[in-house]
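Trainee: In my numbering, the protein residues as written are 624 to 973. Idealized CB from N, CA, C, for every residue including glycine. For clarity, every value in this text was computed on a predicted model and none was experimentally measured.
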């Protein structure tokens, strides 16, 4: 199997990243892995998408730290590869990391991915599905019973009216972006200046004012999904509990903003949420996602680069990354049987 992984920046990848875990597992299982930085994608007059990419050495690597050292080594020189040569192109870049500093790069993966899949390369997650899920309006397409009440607006008076209706509680966050950036909890009796928060978020665009789930003070649970179902290994479920920092007005349930990963207790209510959202994820070709759940409510869906899988492997002592590679192997088999004549979104979920 030839697997290409699109990332924001090869030199900022870390040993604990889910991408590193999947890539090193694939290499250790005998597959060919290529790393592609988002700025290295190109389109030429032959109607093909190509990239200057780093091909990982094929020998096994016991340490992910050593794996990353190889990736950034001067001994590995970027080679031109036509994406038609790959079996699978996996868009693991996070647009939110580029939206402010490199806005031209934010949607490059989606755009080049759509061009590449016309030539029979399986692109995951499906670029058309990603284009729909690129901002938080995506959550509103799921049934009301699994998502918090919310409004989306730039009108400060409407936001404050919503907060009053919610008894003085609300979560405010930008419509675009991820990583816990500019996410605030509003509570009655606090010294937080709501007007300033609204103004700050409005500088980035629209504001989501969302129902505050009181259980969120204890963090949330990220449940990993592949092929529309919870990722499992020998009856163990891939998930982590993300406990946010106490005493901060930010919603600190994101690992990059100080949250702590703990062993998750996956409840029947969480499994029911996963089942309810499964049809939409399947139709949109979203092969690998993270569902961020509080109680029986879906707070967010990370469709680009859900992290934390390594922590889940350590807590559960389970080879979840191996199951992901097995799933990719099956897809490659289907692709070859059908001579690359397939619908990308459908193949992404088989």
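(1) What would DSSP say about residue 776, mapped onto helix, strand or coil?
(2) To the nearest whole angstrom, what separates the beta carbons of residue 884 and residue 865, a pair I think is in contact under 8 angstroms?
(3) Would you mind working out which of 624, 776, 697 and 947 sits nearest residue 644, comparing C-alpha positions?
(4) Put residue 922 into one of helix, strand or coil per three-state DSSP.
(5) Hey, how far is the Cα of residue 914 from the Cα of residue 851?
(6) What does a CB cutoff of less than 6 angstroms around residue 667 pick up in its chain, not counting 5 residues either side in sequence?
(7) At the level of alpha carbons, what is the spacing between residue 708 and residue 792?
(8) Using a Cβ-Cβ cutoff of less than 7 angstroms, which residues in the same chain neighbour residue 822 once the five nearest sequence positions on both sides are dropped?
(9) Cα separation between residue 716 and residue 738?
(10) Secondary structure at residue 927, three-state DSSP: helix, strand or coil?
(11) Compute the distance between the beta-carbons of residue 765 and residue 832, then report whether it is under 7 angstroms.
(12) With 16 other CB atoms within 10 Å as the buried threshold, where does residue 727 fall?
(13) Going by CA-CA distance only, name the one from 924, 633, 777 and 899 that's closest to residue 824.
(14) Evaluate contact between the region 888-899 and the region 732-748, counting only Cβ atoms and requiring at least three cross-stretch pairs below 8 angstroms.
(15) Starting from residue 917, trace the beta strand (DSSP E) both ways and give me its first and last residue.
(16) Is it the case that the Cβ atoms of residue 920 and residue 771 are separated by a distance below 7 angstroms?
(17) Straight-line CA distance for residue 934 to residue 941?
(18) Which residue spans inside the region 708-755 form an unbroken beta strand (DSSP E) run of at least 3?
(19) Out of curiosity, what's the CA-to-CA distance linking residue 849 and residue 677?
(20) Which residues in the same chain as residue 652 place their Cβ atom closer than 6 angstroms to its Cβ, once the five residues preceding and following it in sequence are excluded?
(21) Whole angstroms is fine: what's the gap from residue 908's alpha carbon to residue 926's?
(22) Rounding to the nearest angstrom, what Cα-Cα distance links residue 692 and residue 862 in this structure?
(23) Return yes when the Cβ of residue 844 is within less than 7 angstroms of the Cβ of residue 887, no when it is not.
(24) Have a look at residue 752 and residue 799 and give me their C-alpha separation to the nearest angstrom.
(25) What distance in whole Å lies between the Cβ atoms of residue 923 and residue 795, which are believed to be in contact at a cut-off of 8 angstroms?
(26) Rounded C-beta distance between residue 699 and residue 744? I'm assuming under 8 angstroms.
(27) For residue 679, collect the residues of the same chain with a Cβ closer than 6 angstroms to its Cβ; drop the 5 residues on either side in sequence, then sort them by chain order.
(28) Is the CB-CB distance between residue 711 and residue 626 below 7 angstroms?
(29) If I measure Cβ to Cβ from residue 664 and keep anything under 7 angstroms in the same chain, skipping five residues before and after, which residues do I get?
(30) Does the Cβ of residue 703 have 16 or more other Cβ atoms within 10 Å, making it buried, or fewer, making it exposed?
Mentor: Put simply:
(1) Strand.
(2) Correct: roughly 6 angstroms between the Cβ atoms.
(3) Minimum Cα distance to residue 644 is reached at 947.
(4) When secondary structure is reduced to three states using DSSP, residue 922 falls in the strand class.
(5) 11 angstroms
(6) Around residue 667, the same chain offers no residue with a beta carbon nearer than 6 angstroms, after the five sequence neighbours per side are excluded.
(7) 52 angstroms
(8) none
(9) 17 angstroms
(10) coil
(11) For residue 765 and residue 832, no; Cβs fall outside 7 angstroms.
(12) Exposed, because fewer than 16 other Cβ atoms sit within 10 Å of the Cβ of residue 727.
(13) 777
(14) no
(15) 911-917
(16) yes
(17) 10 angstroms
(18) 711-714 and 745-747
(19) Looking at the two C-alpha atoms, the distance is approximately 26 angstroms.
(20) Cβ-Cβ distances below 6 angstroms link residue 652 to 948 in the same chain, with the five nearest sequence neighbours on each side left out; the list follows chain order.
(21) 10 angstroms
(22) Taking the CA atoms as reference points, residue 692 sits about 28 angstroms from residue 862.
(23) yes
(24) 16 angstroms
(25) With a Cβ gap of about 14 angstroms, residue 795 and residue 923 do not count as contacting.
(26) 23 angstroms between Cβ atoms; not a contact.
(27) 650 and 656
(28) With a cutoff of 7 angstroms on beta-carbon distance, residue 711 and residue 626 are scored as near each other.
(29) 672, 674, 731 and 735
(30) By the neighbour-count rule (16 or more Cβ atoms within 10 Å), residue 703 is not buried but exposed.
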